[in-house]
Amino acid sequence: MKRIRYLLQRLFSMNFSSMFKTINKIHTITHKNRLMILFDMIYCGLVFQAGYMDYLVFEMYLVPNEIRKTYITRGISNSYVKLLNPKAKWHQLDDKVDFLKQFDRFIGRDWLDLREASFSDFESFCHSKDKIVAKSIAGTGGWQVFIHEIDDQSDLKALYESFNEKGLDLVEEFIVQHELISSIYPHSVNTLRIVTIRNGDKVHVVYTALRIGNGKFVDNLSSGGFAALVDRETGIIIKPGANRNHDVVWKHPYTQTTLVGVQLPFYPEVIEMVSEAAKLLESLRYVGWDVAFTEKGPILIEANSFPGHDIYQLQAHLNEDRVGLKPLFDDVIAGKYDTV
């Protein structure tokens, strides 16, 4: 019944134009009959709670049902959030200011809430800073994020008013990332996405991937970036960069840096930090953390009470058997599996 209800909810909110474009794209790749693709897509929605983008991104049209049932689809991810993260507590992470206050000792940068700050506060904040980052408190996916250079010629009053007009209500100190991470791609802060599930007092790391920018100053996949799978225990990149379009990169196209084999700096400290942070959240047990690397150590950028699932099963990151992450997540939630 839950699956039917989920499918009906998705049906009424679906972008049919985008869905049929997706069907055409899969037809071009596979040469399968479009009607058969549609029927199989609907079947995957009913049985595996998969949206049409899940069907495309996870290449569900290439794998049998035994493998499909191992994938964390949109509906499955929603069920994890519903089970582990009460909606009344989402604001602890989704409101960027609430997040910055709660995890102050892990932030490692100055910030200012423009909803409460005067121009004088803003002027003082900008003093001695070369760059600042302005963003919307409610923004996601790298949207509504702007970088501004500050010098003696900057019209701070005009900048302050511009931020207010655009609804940019948070400014932060610009992060200078670790030299090793910058050598992969220097024009974005490349962050490690770590997904944790807390079961009692134990924090389990169930997924780790380095998100890397590509042509823009943000690293999100939705903005053209790549994700490279990282070994959860060692912090070494073990799979190439990949994106939603099935592009696979072994060397970054901008720097030609080889990705596989890179040891992320401060990895034990990263695990310790997110484990401590996760234990501060009494009610939110399933969290996606974004961690940046500086020369002094790791810092938290943000956290998500509704972690994006589309990054989990990029085919370039799966083993030859193509088994997804659902068995691992289910075992951790049930207390049947121990992780780092």
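Counting from 4, one number per residue, gives the positions in the sequence shown under our numbering. Cβ coordinates follow ideal geometry from the N, Cα and C atoms, glycine included.
Contact annotation: Leu287 and Leu96 have beta-carbon atoms nearer than 8 Å. In this structure, the straight-line span from the alpha carbon of Val100 to that of Lys132 is close to 20 Å.
Excluding residues up to 5 positions away in sequence, Ile197, Val233, Arg235 lie with their Cβ nearer than 6 Å to the Cβ of Thr211 in the same chain. For the 8 Å CB-CB criterion, Gly227 and Ser191 do not form a contact.
Sequence-distant Cβ neighbours of Leu195 in its own chain, meaning closer than 6 Å and more than five residues away, are Leu213, Val294. Taking a contact to require three or more Cβ pairs closer than 8 Å, the stretch 267-284 and the stretch 44-59 do not qualify as touching. Looking from the CA of Phe102, the closest CA among Leu321, Gln318, Glu305 belongs to Glu305.
Here Tyr210 carries a strand assignment [DSSP, helix/strand/coil]. If the five residues before and after Ile336 are omitted, its C-beta is found closer than 8 Å to the C-beta atoms of Tyr83, Leu86, Leu87, Ile200, Asn202, all from its own chain and listed in chain order. Going by beta carbons, Leu183 and Pro268 fall inside the 8 Å limit.
Taking C-alpha positions only, Ala281 is separated from Ile110 by approximately 14 Å. For Ala231, same chain residues with a beta-carbon under 6 Å away, outside a window of 5 residues either side, are Leu213, Ile240, Gly244, Leu262 in chain order.
When rounded, the separation of the alpha-carbon atoms in Ile140 and Lys169 is 12 Å. When rounded, the separation of the alpha-carbon atoms in Pro330 and Ile79 is 12 Å. Here Phe296 carries a strand assignment [DSSP, helix/strand/coil]. DSSP, reduced to helix, strand and coil, places Asp107 within a helical segment of the structure shown. Here Gly54 is buried: its Cβ has 16 or more other Cβ atoms, across all protein chains shown, within 10 Å.
Ala91 sits in a helix when the DSSP states are folded into three classes. Residue environment for Asn248: exposed (fewer than 16 other C-beta atoms within 10 angstroms of its C-beta). Pairing His30 with Ile70, the inter-Cα distance amounts to about 21 Å. Rounded to whole angstroms, the separation of the alpha carbons of Gly238 and Tyr270 is 6 Å. In the structure shown, Ile26 falls within a helical segment according to DSSP collapsed to helix, strand and coil. Secondary structure of Arg77 (DSSP, three-state): helix. In the same chain as Ile135, and ignoring 5 residues on each side of it, the C-beta atoms closer than 8 Å to its own belong to Phe128, Cys129, Ile150, His151, Ile153, Val174, Glu175, Glu176, Phe177, in chain order.
Under the three-state reduction of DSSP, Val326 is assigned to coil, being neither helix nor strand. Note on the stretch 107-139: whole beta strand (DSSP E) runs with a minimum of 3 residues are 114-116, 134-138, in chain order.
Counting only the Cα atoms, Ala91 lies some 44 Å from Thr258. With fewer than 16 other beta carbons inside 10 angstroms of its own, Phe42 counts as exposed.
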